[in-house]
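Colleague:
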Amino acid sequence: MGDEIVETPPMMRSRYFENQLLKPVFMDYFRKGARWSVMPRPLMTDGSFDFSYVEGTGSADEPLAPVGRPDGSPYHVGFEMMMDAAQILRFGEDVLVNVSTAHHQLAFEWLVRQFEGRFRLHRLYRLSDDHIDSTVLPLRPGLLLARSPEIVDQLPVELQKWDRIYYPEPAADGFPSYDDNDLVLTSKFIDMNLLSIDSETVLVNSAHTELIELLEANRMTVVPVQHRHRRLFGGGFHCFTVDTVREGGLEDYFSG
9 MGDEIVETPP MMRSRYFENQ LLKPVFMDYF RKGARWSVMP RPLMTDGSFD FSYVEGTGSA
69 DEPLAPVGRP DGSPYHVGFE MMMDAAQILR FGEDVLVNVS TAHHQLAFEW LVRQFEGRFR
129 LHRLYRLSDD HIDSTVLPLR PGLLLARSPE IVDQLPVELQ KWDRIYYPEP AADGFPSYDD
189 NDLVLTSKFI DMNLLSIDSE TVLVNSAHTE LIELLEANRM TVVPVQHRHR RLFGGGFHCF
249 TVDTVREGGL EDYFSG
C-alpha cells in the first residue's frame with residue numbers, strides 16, 4: 009500500500025505461518041525505509057470462524073464445510089479479524105475489499121482506520137467466499153476481465169464504466185479427472201487467475217484456449233504456460249507469484 013507493507017492474517021490454520029517465508033523480502037524493504045504494519049493475529053479457536061457464507065452457499069465446486077464443534081477454549085473472543093490479501097484489489101488510491109463474513113468485516117474496519125485519508129476503501133459484499141482473483145481482474149486501464157455481469161454490477165460506479173470481457177466457459181476436457189478422495193481446491197474458474205506482466209501482456213494457462221482467443225481478440229499479448237493440475241494445487245499464476253518488485257511498486261518508490 010504505497011510505501012507500507014501490510015501483513016494480513018490468514019483464514020486457514022494451515023497457512024498461519026506462511027508470511028514468515030516472506031520475511032527476507034519484508035526486511036529488505038524495511039531497511040530501505042518502508043513502513044510495516046501487521047493486522048492483529050487471530051487466536052483461531054473453533055469459535056473464531058463465521059460460517060454464514062459457506063452454510064448458505066456451499067457447493068461441490070467450493071469444498072468448504074462448517075465445523076460444528078463447541079468452543080471450550082478459555083481464550084475464545086468471538087469472531088476475529090481474518091482476511092487474505094487476495095481478497096483485495098488496488099486501483100491506485102482506490103482499494104476494493106471483498107467482505108463475506110464477520111471476520112472479513114472486522115479486518116475491513118481495521119484497514120479503514122489504518123489508511124483513512126490515504127486510500128479510498130470500497131467494501132464489496134460477498135463478491136466471493138474470500139479470494140477475488142478468479143472473480144474480477146484489471147487487464148489494463150479501462151478493461152476488466154470479469155466472471156459475470158453480476159460481478160460488475162457490484163463494483164464501484166466508476167469501474168462499471170470500464171470496458172469488460174467475460175470469462176469463457178472452459179471445455180469439459182480441459183481439466184484432469186481425479187479420484188473421489190482427492191481434495192480439489194479450486195473451481196472451474198481457476199484459469200481466470202492469470203498474471204499480468206504489463207498492460208499488454210499476460211501469462212495464461214495453455215489448456216484454456218477459449219480464454220487465450222478472447223484475450224488476443226482484445227489486443228492482449230498472451231504467453232501460454234502449461235499448468236495442468238491447477239485445481240489440485242489450488243491456484244493459478246497470480247496465486248503463485250508475489251510480484252512486489254515492479255515499476256510503480258515499493259521497489260520503484262525506494263529507488264527514487
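Going by our numbering, 23 is the number at position 15 of the sequence shown; the sequence numbering is gapless. The beta-carbon is built from N, C-alpha and C at its ideal position, and this holds for glycine as well.
Could you tell me how far apart the beta carbons of Phe99 and Met9 are, in whole angstroms, since I believe they sit closer than 8 Å?
Modeller: Position 91 of the sequence shown, counting from 1, holds the residue named residue 99. Position 1 of the sequence shown, counting from 1, holds the residue named residue 9. About 13 Å separates the two Cβ atoms, so there is no contact after all.
Colleague: In three-state DSSP terms, what is Pro99?
Modeller: For the purposes of this step, residue 99 is taken as the residue at position 91 of the sequence shown. For the record, residue 99 in the displayed sequence is Phe; it is not Pro. Of the three classes helix, strand and coil, the one that applies to Phe99 here is strand, per DSSP.
Colleague: At which residues does the alpha helix (DSSP H) containing Glu12 begin and terminate?
Modeller: As a first step, residue 12 must be located in the sequence shown, where it is residue number 4. Taken as a continuous stretch (DSSP letters only), Glu12 belongs to no alpha helix (DSSP H), being part of the beta strand (DSSP E) at 12-15.
Colleague: Helix, strand or coil, according to DSSP, for Phe25 in the structure here?
Modeller: For the purposes of this step, residue 25 is taken as residue 17 along the sequence shown, with counting starting at 1. It is coil, neither helix nor strand.
Colleague: Considering just the uninterrupted stretch of the beta strand (DSSP E) at Leu151, what are its terminal residues?
Modeller: By one-based count along the sequence shown, residue 151 stands at place 143. Start and end: 151-154.
Colleague: For Ser204, count the other beta carbons within 10 Å of its own beta carbon; 16 or more makes it buried, fewer makes it exposed. Which is it?
Modeller: Indexing the sequence shown from 1 puts residue 204 at position 196. Its Cβ being crowded by 16 or more others within 10 Å, Ser204 is buried.
Colleague: Mapping DSSP to helix, strand and coil, what is Asp138?
Modeller: For the purposes of this step, residue 138 is taken as residue 130 along the sequence shown, with counting starting at 1. Reduced to three states, the DSSP call for Asp138 is coil.
Colleague: The alpha helix (DSSP H) with Val250 in it runs from where to where?
Modeller: By one-based count along the sequence shown, residue 250 stands at place 242. Neither: Val250 is in no alpha helix (DSSP H) and is coded neither H nor E.
Colleague: Mind reading off the beta-carbon distance from Leu97 to Ile159? Whole number of angstroms is fine, and I expect it under 8 Å.
Modeller: By 1-based counting over the sequence shown, the position of residue 97 is 89. By 1-based counting over the sequence shown, the position of residue 159 is 151. Contact doesn't hold; Cβ gap of about 12 Å is too wide.
Colleague: Give me, in chain order, the residues of the same chain whose beta-carbon lies closer than 7 Å to that of His216; leave out the 5 immediate sequence neighbours on both sides.
Modeller: In the sequence shown, the residue the question calls residue 216 occupies position 208. Excluding positions up to five away in sequence, the list reads Pro178, Gly182, Asp199.
Colleague: Relative to the C-alpha of His84, which candidate in Val103, Leu51, Asn106, Arg131 has its C-alpha closest?
Modeller: In the sequence shown, counting from the first residue as 1, residue 84 sits at position 76. Comparing Cα-Cα distances from His84 to each of Val103, Leu51, Asn106, Arg131, the minimum goes to Leu51.
Colleague: What residue range does the alpha helix (DSSP H) around Ile220 cover?
Modeller: Working through the sequence shown from its first residue, we reach residue 220 at position 212. Unbroken alpha helix (DSSP H) run through Ile220: 217-225.
Colleague: Using the beta-carbon count (16 or more within 10 Å), is Ala68 buried or exposed?
Modeller: Sequence index remark: in the sequence shown, residue 68 carries index 60 (1-based). Here the model assigns Ala68 a pLDDT of 38, short of 50, so the residue's position is not dependable and the matter cannot be decided.
Colleague: Counting Cβ pairs closer than 8 Å, one from the segment 85-93 and one from the segment 112-119, do we hit at least three?
Modeller: Segments in contact, yes.
Colleague: What did DSSP end up calling Val33 once you bin it into helix, strand or coil?
Modeller: Residue mapping note: residue 33 aligns to position 25 of the sequence shown, counting from 1. Of the three classes helix, strand and coil, the one that applies to Val33 here is helix, per DSSP.
Colleague: Taking the continuous alpha helix (DSSP H) assigned at Arg238, which residues delimit it?
Modeller: On the sequence shown, residue 238 is found 230 positions in, with the first residue counted as 1. Its alpha helix (DSSP H) spans residues 238-241.
Colleague: DSSP state of Tyr133, grouped into three classes?
Modeller: Within the sequence shown, numbered from 1, the residue matching residue 133 stands at position 125. Reduced to three states, the DSSP call for Tyr133 is strand.
Colleague: Mind checking His112: buried by the 16 CB within 10 Å criterion, or exposed?
Modeller: To locate residue 112, count along the sequence shown from 1; it is residue 104. Counting Cβ neighbours within 10 Å, His112 comes out buried, since at least 16 surround it.
Colleague: With a threshold of 16 other CB atoms inside 10 Å of the CB of His237, please say whether the residue is buried or exposed.
Modeller: Position 229 of the sequence shown, counting from 1, holds the residue named residue 237. By the neighbour-count rule (16 or more Cβ atoms within 10 Å), His237 is not buried but exposed.
Colleague: Given a cut-off of 8 Å on the beta-carbon distance, is the pair Asp137 and Tyr61 in contact?
Modeller: Here residue 137 is taken as the residue at index 129 of the sequence shown, counted from 1. Here residue 61 is taken as the residue at index 53 of the sequence shown, counted from 1. Contact: yes.
Colleague: Going by CA-CA distance only, name the one from Met228, Met20, Asp36 that's closest to Asp11.
Modeller: For the purposes of this step, residue 11 is taken as residue 3 along the sequence shown, with counting starting at 1. The option with the nearest alpha carbon to Asp11 is Asp36.
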